[in-house]
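A.B. asks: Before I ask anything, here is the structure I am working with.
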Amino acid sequence: MLAISVSSTVLPAFSTIINTKNTLQSIIHVPVPFLVQNSHLGVSNFYTKTPTRLNVLLKTSDYSSSSTNLAETEKERSIPQVEQDEEEHEITIQSPAAESQLAKYFWHEIHGQNDWVDLLNPMDRRLRSELMRYGEMAQACYDAFDYNPFSKYCGTCRYMRSEFFDSLGMSQLGYDVSRYLFAASNINLPNFFRNSASPCKVLSKHANWIGYVAVSNDETSRRIGRRDITIAWRGTVTQLEWIEDIKDFLVPISSKIPCPDPTVKVQTGFFDLYTEKEEDSKYCRLSAREQILSKVRRLLDKYADEEVSITIKGHSLGAALAILSAYDIVETSLKELAADRPVVPVCVFSFAGPRVGNVMFRERLESTLGLKVLRVVNVHDMVPKVPGFFFNERSPPMMMKYAKWLPWSYSHVGVELELDHINSPFLKQAVHDDPIRAHNLEGLLHLLDGYHGKNHKFELASGRDIALVNKASDFLEDEYLVPANWRQDENKGMVRNKDGHWVQLERRVYDLYCHGAPDDDHVMHCLDLASDDQYHGDAAAAA
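In this text, residue positions in the sequence shown follow UniProt numbering: the first is 1, and each later residue adds one.
Written out as structure tokens, the structure is:
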């Protein structure tokens with residue numbers, strides 16, 4: 001007899017026991033040994049590679065798929081998690097929403113309060129769920145960015161701020177974008193920026209959209225147990241040329257960020273990208289740093305009576321910016337809060353990030369400031385191995401005792417979760433011909449989905465569609481018939497106008513104001529001298 005038990009405390013709507021195998025099969029219409037995965041593309045796929053895991057299609061609105069920007073996404077039904085104990089033959093059904101509700105009572109742990117001790121091996125399902133949730137929000141930066149050099153909007157975000165998550169099919173995350181972030185061009189990282197070939201470009205060559213600040217809405221805040229201020233930084237997904245631009249030059253962080261220790265140093269390219277501004281650019285008259293600090297201060301004041309967390313994430317170069325901005329917030333902004341106010345925990349979830357600073361930077365970040373960083377990496381990825389290829393945290397302690405003072409000596413920060421794509425039966429194993437595969441964020445989220453701990457079998461734990469892996473890569477085995485780099489705009493953004501000519505689609509004027517307003521209004525908004533209502537009111541009036 002096969003029993004299916006559903007915890008009433010986790011998922012009240014399914015507090016029943018189904019006692020027969022026939023009943024189970026009549027509900028889901030598939031044999032028990034199969035794994036049924038919901039496709040975020042509107043197709044159900046059947047795989048037999050993980051026979052002990054079963055996903056049952058249930059009607060719920062508490063879970064949104066990945067940021068695929070497809071109309072079908074909003075109509076999808078979510079896939080609760082099903083766990084089977086092979087010895088007892090018991091299957092427990094849990095939905096992602098229930099996991100989030102359960103995480104409410106453990107969020108301090110998941111946020112790194114105890115440095116993720118006993119949560120990584122074996123992998124805690126609540127932590128996995130949160131990592132994938134924040135990873136999707138980092139992936140949204142790629143899906144929303146306009147890479148097309150033949151578009152005059154190249155370098156901007158494709159979507160209005162108020163419709164950001166809706167446009168990406170991620171509305172049920174329960175977050176609202178509070179502001180967009182822009183960065184000034186950086187001579188040390190020229191390959192990071194994208195510019196339009198049009199003489200009528202919206203952004204100058206000196207600016208790019210680089211991320212966003214979002215806040216959990218009331219409903220989500222109640223579910224997760226706090227008001228979550230989250231920052232997402234865009235990295236680079238289509239190329240790795242920026243790695244060639246990395247110079248092993250360290251600069252004192254105190255040159256632009258208050259710090260009492262002049263030996264605390266960070267990589268110059270990352271630091272300049274975070275702190276530089278362009279006086280002649282209406283989008284970057286304030287640096288990314290100033291945009292972040294002003295918005296975070298305002299949000300902390302707004303939610304002063306609530307329990308608040310700050311969660312920062314990024315992939316690739318964006319992970320370096322995530323660590324820098326988190327350090328900055330803890331070093332400066334949080335010190336300005338009232339003494340009687342509860343501590344605001346700050347956590348970084350870094351995906352495939354490079355090293356950022358030297359040993360002294362790590363010591364101040366971890367020991368003095370108590371900042372929590374969890375780094376998720378693919379062991380075959382080259383990006384986490386730079387800069388500091390020769391002298392780093394893996395060097396012998398006796399060597400680093402002297403080498404840590406060298407200008408090309410670096411150290412990773414925080415706790416590392418190391419994954420290996422060799423363990424996934426869905427992925428191609430050879431990466432020497434295409435190093436971008438091992439660095440791909442969608443691939444990393446796939447590895448997270450199947451990771452249960454060291455020496456544990458790779459087994460998908462949610463209904464996340466494996467087709468997402470090939471969204472911007474060629475990483476999936478060909479047998480799954482998912483074309484490489486399949487995500488693209490219809491007709492590459494071209495539309496037929498009223499004269500029958502094919503042209504680039506124009507965006508609404510209001511869209512531009514969501515990217516940034518004219519100079520004075522933009523600066524006032526960044527400095528928090530104008531209210532959000534006034535800001536949007538002025539934009540709407542101009543439209």
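For each residue, glycine too, the CB sits at the ideal point set by N, CA and C.
Values in this document were obtained by computation on a predicted structure and should not be read as measured data.
Within 10 Å of its beta-carbon, does Gly-443 have 16 or more other beta-carbons around it, so buried, or fewer, so exposed?
C.D. replies: Translated into the one-based positions of the sequence shown, residue 443 becomes position 443. When all chains shown are included, Gly-443 counts as buried.
A.B. asks: In the DSSP assignment, find the unbroken beta strand (DSSP E) run with Asp-228 in it and report its ends.
C.D. replies: By 1-based counting over the sequence shown, the position of residue 228 is 228. 227–233 is the extent of the beta strand (DSSP E) around Asp-228.
A.B. asks: Which first and last residues belong to the beta strand (DSSP E) in which Arg-179 is found?
C.D. replies: On the sequence shown, residue 179 is found 179 positions in, with the first residue counted as 1. Its beta strand (DSSP E) spans residues 175–184.
A.B. asks: In the DSSP assignment, what residue or residues form a beta bridge with Arg-289?
C.D. replies: Residue numbering aside, residue 289 sits at position 289 when the sequence shown is read from its first letter. DSSP lists no partner for Arg-289.
A.B. asks: Please list, in chain order, all residues of the same chain as Ala-338 whose beta carbon is under 6 Å from its beta carbon, the five residues on each side excluded.
C.D. replies: Translated into positions along the sequence shown, residue 338 becomes position 338. Answer for Ala-338: no residue qualifies.
A.B. asks: Thinking just about the alpha-carbon of each residue, which of Asn-455, Tyr-153 and His-452 is nearest to the one in Trp-209?
C.D. replies: Counting from one through the sequence shown, the residue named residue 209 turns up at place 209. Nearest in C-alpha terms to Trp-209, of all of Asn-455, Tyr-153 and His-452, is Tyr-153.
A.B. asks: DSSP has Leu-416 in a bridge; who is on the other side?
C.D. replies: Stepping through the sequence shown from its first residue, residue 416 is reached at position 416. A small correction: the amino acid at residue 416 is Glu; Leu does not occupy that position in the sequence shown. Paired residue(s): Arg-375.
A.B. asks: For the alpha helix (DSSP H) containing Ala-144, list its first residue and its last residue.
C.D. replies: Residue 144 sits at position 144 when you count from the first residue of the sequence shown. Residues 125–144.
A.B. asks: Which one of His-439, Asp-272, Glu-506 and Gly-318 has the shortest CA to CA distance from Ile-231?
C.D. replies: Locating residue 231 in the sequence shown gives position 231, counting from the first residue. For the residues His-439, Asp-272, Glu-506 and Gly-318, the minimum Cα distance to Ile-231 belongs to Gly-318.
A.B. asks: Classify Met-331 as buried or exposed, calling it buried when 16 or more other Cβ atoms lie within 10 Å of its own Cβ.
C.D. replies: For this step, residue 331 is matched to residue 331 along the sequence shown. The identity of residue 331 in the sequence shown is Glu, whereas the question assumes Met. Residue environment analysis places Glu-331 among the buried positions, since at least 16 neighbouring C-beta atoms fall within 10 angstroms of its C-beta.
A.B. asks: Work out the CA separation of Phe-150 and Met-123 for me, nearest whole Å.
C.D. replies: Within the sequence shown, numbered from 1, the residue matching residue 123 stands at position 123. Within the sequence shown, numbered from 1, the residue matching residue 150 stands at position 150. Rounded to the nearest angstrom, the two C-alpha atoms are 44 Å apart.
A.B. asks: Which full runs of the alpha helix (DSSP H) of 4+ residues lie inside the region 441–499, going along the chain?
C.D. replies: 441–450, all fully within the region 441–499.
A.B. asks: Ile-312 bridges to which residues according to DSSP?
C.D. replies: Residue 312 sits at position 312 when you count from the first residue of the sequence shown. Its beta-bridge partners are Ile-231 and Val-348.
A.B. asks: Output needed for Val-43: all residues of its chain with C-beta closer than 6 Å, excluding positions within five of it in sequence on either side, in chain order.
C.D. replies: Walking along the sequence shown from the start, residue 43 turns up at place 43. Interpretation of Val-43 is limited by its pLDDT of 30, a score under 50 that renders its predicted location unreliable; the figure taken from the coordinates is listed afterwards. No residues qualify anywhere along the chain.
A.B. asks: Tell me whether Ala-320 is buried or exposed, calling it buried when 16 or more other Cβ atoms sit within 10 Å of its Cβ.
C.D. replies: Here residue 320 corresponds to residue number 320 of the sequence shown, with the count starting at 1. Label assigned to Ala-320: buried.
A.B. asks: With distances taken Cα to Cα, identify the nearest neighbour of Ile-110 among Ser-254, Gly-370, Phe-349 and Ser-395.
C.D. replies: Translated into positions along the sequence shown, residue 110 becomes position 110. The residue with the shortest Cα to Cα distance from Ile-110 is Phe-349.
A.B. asks: For Glu-479 and Gly-225, I'd like the C-alpha separation in whole angstroms.
C.D. replies: The residue you call residue 479 lines up with position 479 of the sequence shown. The residue you call residue 225 lines up with position 225 of the sequence shown. Rounded to whole angstroms, Glu-479 to Gly-225 spans 43 Å at the Cα level.
A.B. asks: Does DSSP put Gly-357 in a helix, in a strand, or in coil?
C.D. replies: As a position in the sequence shown, residue 357 is number 357, starting the count at 1. Reduced to three states, the DSSP call for Gly-357 is strand.
A.B. asks: Is the CB-CB distance between Gly-453 and Glu-459 below 8 Å?
C.D. replies: For this step, residue 453 is matched to residue 453 along the sequence shown. For this step, residue 459 is matched to residue 459 along the sequence shown. It is not a contact, given that the beta carbons lie outside the stated cut-off.
A.B. asks: Got a sec, what are the start and stop residues for the alpha helix (DSSP H) Tyr-410 sits in?
C.D. replies: Here residue 410 corresponds to residue number 410 of the sequence shown, with the count starting at 1. Neither: Tyr-410 is in no alpha helix (DSSP H) and is coded neither H nor E.
A.B. asks: When DSSP labels each residue in this structure, what does Ala-214 get in the three-state scheme?
C.D. replies: What you label residue 214 is simply residue 214 of the sequence shown in a count that begins at 1. Of the three classes helix, strand and coil, the one that applies to Ala-214 here is strand, per DSSP.
A.B. asks: If you follow the alpha helix (DSSP H) that Lys-401 is in, where does it begin and where does it stop?
C.D. replies: Position 401 of the sequence shown holds residue 401. Element bounds for Lys-401: 397–403.
A.B. asks: If I'm right that Trp-233 touches Ala-322 with Cβ under 8 Å, what's the distance once you round it to whole angstroms?
C.D. replies: Sequence index remark: in the sequence shown, residue 233 carries index 233 (1-based). Sequence index remark: in the sequence shown, residue 322 carries index 322 (1-based). Correct: roughly 5 Å between the Cβ atoms.
A.B. asks: For Glu-336 and Phe-351, what's the separation of their Cα atoms in angstroms?
C.D. replies: Numbered from its first residue, the sequence shown carries residue 336 at position 336. Numbered from its first residue, the sequence shown carries residue 351 at position 351. Taking the straight line from one Cα to the other gives about 30 Å.
A.B. asks: Between the alpha carbons of Leu-406 and Phe-391, how many angstroms are there, rounded?
C.D. replies: Locating residue 406 in the sequence shown gives position 406, counting from the first residue. Locating residue 391 in the sequence shown gives position 391, counting from the first residue. Their backbone Cα atoms lie some 9 Å apart in a straight line.
A.B. asks: How about Gly-314 and Ala-138: are their beta carbons less than 8 Å apart?
C.D. replies: Working through the sequence shown from its first residue, we reach residue 314 at position 314. Working through the sequence shown from its first residue, we reach residue 138 at position 138. Their beta carbons are under 8 Å apart, which means Gly-314 touches Ala-138 by this criterion.
A.B. asks: Is Tyr-410 buried or exposed, if buried means 16 or more other CB atoms sit within 10 Å of its CB?
C.D. replies: Mapped onto the sequence shown, residue 410 falls at position 410. Buried, since its Cβ has 16 or more Cβ neighbours within 10 Å.
A.B. asks: Assuming Ala-430 and Glu-278 form a contact by the criterion Cβ under 8 Å, report the distance between their Cβ atoms to the nearest whole angstrom.
C.D. replies: For the purposes of this step, residue 430 is identified with residue 430 of the sequence shown, where counting begins at 1. For the purposes of this step, residue 278 is identified with residue 278 of the sequence shown, where counting begins at 1. Wrong, their Cβ atoms sit about 43 Å apart, outside the cutoff.
A.B. asks: Would you mind stating whether Asn-470 and Leu-419 have Cβ atoms separated by less than 8 Å?
C.D. replies: Within the sequence shown, the letter at position 470 stands for residue 470. Within the sequence shown, the letter at position 419 stands for residue 419. No, they are not a contact pair.
A.B. asks: On the CB-based measure, 16 or more other CB atoms within 10 Å of its CB, does Val-343 come out buried or exposed?
C.D. replies: Along the sequence shown, read from residue 1 onward, the residue named residue 343 stands at position 343. Under this definition Val-343 is an exposed residue.
A.B. asks: Report the option in Leu-120, Leu-181 and Leu-127 whose CA atom is closest to the CA atom of Tyr-105.
C.D. replies: Here residue 105 refers to the residue found at position 105 when the sequence shown is read from its first residue. Residue Leu-127 holds the alpha-carbon nearest to the alpha-carbon of Tyr-105 among Leu-120, Leu-181 and Leu-127.
A.B. asks: Could you tell me the boundaries of the alpha helix (DSSP H) in which Trp-502 lies?
C.D. replies: Indexing the sequence shown from 1 puts residue 502 at position 502. Looking at the DSSP string, Trp-502 is not in any alpha helix (DSSP H); the run it does join, the beta strand (DSSP E), is 502–504.
A.B. asks: Where does Ala-322 sit, in a helix, a strand or coil, going by DSSP?
C.D. replies: Translated into the one-based positions of the sequence shown, residue 322 becomes position 322. Of the three classes helix, strand and coil, the one that applies to Ala-322 here is helix, per DSSP.
A.B. asks: For Pro-495, collect the residues of the same chain with a Cβ closer than 6 Å to its Cβ; drop the 5 residues on either side in sequence, then sort them by chain order.
C.D. replies: Mapped onto the sequence shown, residue 495 falls at position 495. According to the sequence provided, residue 495 is Val. The question's Pro does not apply to it. Excluding residues within five positions, the ones whose Cβ falls inside 6 Å are Leu-505.
A.B. asks: Thinking Tyr-212 and Tyr-180 are a contact (beta carbons under 8 Å), I'd like their distance in whole angstroms, please.
C.D. replies: Against the sequence shown, residue 212 aligns to sequence position 212. Against the sequence shown, residue 180 aligns to sequence position 180. Tyr-212 to Tyr-180, Cβ: 5 Å. Contact.
A.B. asks: Below 8 Å between beta carbons: does that hold for Gly-135 and Lys-265?
C.D. replies: Residue mapping note: residue 135 aligns to position 135 of the sequence shown, counting from 1. Residue mapping note: residue 265 aligns to position 265 of the sequence shown, counting from 1. Against a cut-off of 8 Å, the Cβ pair of Lys-265 and Gly-135 comes out as no contact.
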